[in-house]
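Sequential numbering from 11 applies to the sequence shown in the working numbering. No residue lacks a Cβ here, since even glycine has one placed at the ideal position from N, Cα and C. Some notes on the structure that comes next.
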Amino acid sequence: MEAFIARQPILTVDNKVHAYELLFRSGPENLFRGRDANAASSSVISNSLSLFDLSALTGNRDAFINMPRQLLLDGSVRILPAKQVVIEILEDVAPDPEVLEAVRELRAAGYRFALDDIASCASQQAFVELVDVVKVDWQAAGESRASEIVRAWRRPGLRFLAEKVETWADFQRAQSVGFTYFQGYYFQRPEVLTHGDIPRNKAVALALFQAIRKDPIDYATLESLIKSDLSLSYRLLRLVNSAWAGLPHEILSISHAMVMLGEMRIRQLIQVTAMTDIAEDCSEELVQRSFIRAAFMETLAGRLGERLRDQEFYFVGFFSWLDVILGRTMEKVLELLPVSPQAREGLVEGKGLLGIMLRLCAALEHGDWAAVETHCAALGLESAATAEDYLGTIESLDSFTRGVTGQRQPQRLLS
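Structure, rendered in structure tokens:
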């Protein structure tokens, strides 16, 4: 069974991940929202539940899933756990008596609903009292009409989600007219700073990344960097003494921690704490994507027989969002964090093997299945197996990535 499932984050006003919409393709012949919406939605439901843990795919957040008319009427949606999903009523589903009754029955069973792709107040008014979220197409509606929809439909308990929000300016305007949830690619576009030094804690974190890339690790340099930042030292010792480390005795010094943990776990520990410092002002989704890309690039390296260079693949994936996170161009970032010519070619120019792999990561993140096919063909990989590897990476790293953002301690970083 093939599982082509992507996820797009739904963010709050402070850029925290509230939920994910699952975007899918059921097979090579059926693009998302293709000719048979019933078959496509049925596929995403069955594949999500049979191949992957829905909670892991969404980090225990809500999953927004598109539901065409027939699947609302025939009860197929009831195989989904009501507490974990928000059913999206597609824009072409008319609010006729049969559909309205089905929605009422599902609400009585605990299901929540979102009204999808609204661009005007006219056609879907009858659904408004039955849904929890109204999704407005920001690009199609424009600011004036979107504001009109919010004013006309506002009621207690109803939330408004602006989708296709592509710039930070769009995000700020949507927020100003009453939207509380946001979907689109604005959060991954850099707001490039033209001047100013990188804050000290972030500069130390970048130096730590550089230090742990050396093989073997220079422990003296590493210890000196850690001790130069009191807050970092404190947080490292807290992690070392947590259940994650599983050490039998309390660790009281950085040097003792290095002796007890070993090289691989030190790398894990530094990544957790350093990325927390670097990404303190950005969306947690970028932190999650950094670690997911890193682990997935490492998996791809293994698939391609590149085991001797798998750590380089890992770090290229890990560093690929640093321009957005730091608000600098990638060229400026790499002045602070020297990498190999091959890594620079991939990160800056998007060329070479590493560039193709990064483009594959982006295509999987966006659910751009045609691009997934193209990049897999260029790498000599089978697209269905690669998509499954990607979802498996999300599943296995869920606990870890949420640990990085302060919700749970990490369980796995590097294999």
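* Who are Asn76's beta bridge partners in DSSP? -> Glu98
* Quick one: using the 10 Å Cβ neighbour count with 16 as the cut-off for buried, is Tyr121 buried or exposed? => buried
* Indicate the three-state DSSP secondary structure (helix, strand or coil) for His385 in the structure shown. => helix
* Do the region 335-354 and the region 301-318 touch if we need at least three Cβ pairs shorter than 8 Å? -> no
* Note down, in chain order, each residue of its chain lying with its Cβ closer than 6 Å to the Cβ of Tyr229, except the 5 sequence neighbours on either side. => Met268
* Per DSSP, what kind of secondary structure is Met11 in: helix, strand or coil? -> At Met11, the pLDDT of 47 sits below 50, so the modelled position is not reliable; the number obtained from the coordinates is stated separately. DSSP places Met11 in coil when its eight states are reduced to three.
* How should Lys26 be labelled, buried or exposed, when 16 other C-beta atoms within 10 angstroms of its C-beta is the threshold for buried? -> exposed
* Contact under 8 Å by Cβ, Leu82 with Ala112 -> yes
* Helix, strand or coil for Glu294, going by three-state DSSP, please let me know. => helix
* **Three CB pairs or more closer than 8 Å across the region 179-190 and the region 248-266** => no
* To do: Measure the C-alpha to C-alpha separation of Arg277 and Leu232 and round it to an integer number of angstroms.
  => 11 Å
* **Under the three-state DSSP convention, the category Gln193 falls into** => coil
* For Leu247, which three-state DSSP category applies? -> DSSP places Leu247 in the helix class (H, G or I) of the three-state scheme.
* Can you check DSSP and say which residues form a bridge with Pro19? => Tyr30
* Asked: In three-state terms, what does DSSP make of Asp127?
  -> strand
* Could you pull the start and end residues of the alpha helix (DSSP H) that Phe170 belongs to? => Note, Phe170: premise wrong, no alpha helix (DSSP H); beta strand (DSSP E) at 169-173.
* To do: Could you work out which residue in Ile97, Val250, Arg223 is closest to Ser350 when comparing CA atoms only?
  => Arg223
* Asked: From Val109 to Arg88, what distance separates their C-alpha atoms?
  -> 15 Å
* Three-state class that DSSP yields for Asp228 in the structure shown -> coil
* Asked: If we call anything under 8 Å between Cβ atoms a contact, is Asp126 one with Ile159?
  -> no
* **Length of the line joining the Cα atoms of Phe301 and Trp331** => 10 Å
* **Val143, buried or exposed, once every other Cβ within 10 Å from all chains shown has been counted against 16** => buried
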